[in-house]
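Residue numbers (the working numbering): 9 to 254.
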């Protein structure tokens with residue numbers, strides 16, 4: 009299985025009622041944050057094993073229902089449209105790394121005549137992509153996806169038309185729709201005392217040049233509504249740990 013299926017989709021009002029009842033810390037996932045888990049080992053991402061450990065701890069808090077996991081219904085389609093290509097890329101990269109390793113080992117084996125040769129490897133056989141997908145789907149299984157709503161669409165249309173972040177650079181409707189969903193849910197909750205966090209590595213559209221804080225227009229909205237920005241798993245883990253959530 010490499011698709012989000014049988015997901016829990018609730019209406020806007022149902023989600024708001026649930027959050028007001030539970031009053032627990034919330035992580036709202038952008039699509040790219042979920043895809044980032046499968047992309048974690050790719051060399052160009054420059055992640056260490058620490059990032060995987062941090063994701064697992066976040067996942068465990070979601071599975072134990074200490075943290076509420078939210079996303080937009082729109083993210084289901086977007087995730088399902090892209091996950092297979094990233095799985096294939098990870099598998100291809102595993103084979104390429106194995107080939108480079110084996111080529112290097114070939115020189116060692118030739119240079120050490122009389123010493124037992126080092127065996128070739130194929131790290132793609134370990135199915136790393138399957139293990140990472142298990143983490144993703146453990147999260148999405150516990151995630152509440154906010155159903156599509158005309159108010160989210162209106163918000164996205166206005167932001168896209170007027171090139172207001174996150175649509176300022178690329179004019180991406182989906183980004184505006186997902187942010188509008190996250191923002192409106194928070195606005196409509198009667199109690200905003202609990203931690204509410206937006207997780208997205210799309211820093212080009214959401215963040216300032218420092219890539220850690222919201223761009224001004226979104227920062228104003230997030231400050232008023234007490235929404236914290238998580239641009240990556242390291243910062244997410246650090247802030248959740250600081251606040252005693254992890």
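Don't be surprised by glycine CBs; every beta carbon is placed ideally from N, CA and C.
Hey, could you find the ends of the beta strand (DSSP E) residue i is sitting in?
| i | result |
| --- | --- |
| residue 152 | 151-154 |
| residue 170 | Where residue 170 is concerned, there is no enclosing beta strand (DSSP E), given that its DSSP letter is neither H nor E. |
| residue 17 | 16-18 |
| residue 237 | 236-238 |
Could you check which residue in the options has the C-alpha nearest to that of residue i?
| i | options | result |
| --- | --- | --- |
| residue 175 | 90, 211, 154 | 211 |
| residue 77 | 154, 249, 127 | 154 |
| residue 100 | 124, 134, 80 | 134 |
| residue 72 | 31, 169, 150 | 150 |
| residue 11 | 31, 26, 39, 34 | 39 |
| residue 144 | 237, 63, 253 | 63 |
| residue 125 | 111, 131, 137, 136 | 111 |
| residue 57 | 172, 241, 104 | 241 |
| residue 220 | 207, 239, 228, 229 | 239 |
| residue 90 | 222, 226, 43 | 43 |
| residue 243 | 209, 225, 229 | 209 |
| residue 207 | 61, 224, 183, 120 | 183 |
| residue 17 | 237, 82, 48 | 82 |
| residue 196 | 159, 224, 170, 226 | 159 |
| residue 15 | 21, 50, 87 | 87 |
| residue 191 | 131, 59, 227 | 227 |
| residue 22 | 188, 117, 152 | 152 |
| residue 249 | 106, 53, 69, 128 | 69 |
| residue 225 | 252, 194, 170 | 170 |
| residue 51 | 117, 102, 132 | 102 |
| residue 94 | 137, 252, 118 | 137 |
What span of residues does the alpha helix (DSSP H) with residue i cover, start to end?
| i | result |
| --- | --- |
| residue 117 | 81-119 |
| residue 71 | 57-71 |
| residue 228 | 224-233 |
| residue 188 | 181-196 |
| residue 11 | Segment: none, residue 11 is in no alpha helix (DSSP H) and carries neither H nor E. |
| residue 248 | 241-250 |
Which partner residues of residue i appear in the DSSP bridge assignment?
| i | result |
| --- | --- |
| residue 37 | 79, 207 |
| residue 215 | 222 |
Worksheet item: Is the stretch 233-240 touching the stretch 199-207 in the sense that three or more CB pairs, one from each, lie closer than 8 Å?
Response: yes
Discussion item. Between the stretch 207-221 and the stretch 162-172, can you find at least three pairs of beta-carbon atoms closer than 8 Å?
Written reply: no
Worksheet item: Is the stretch 53-70 in contact with the stretch 175-190, if contact means three or more CB pairs nearer than 8 Å?
Response: no
Fill in: Segment contact flag, the stretch 24-41 with the stretch 77-87, C-beta cutoff 8 Å, min 3 pairs
yes
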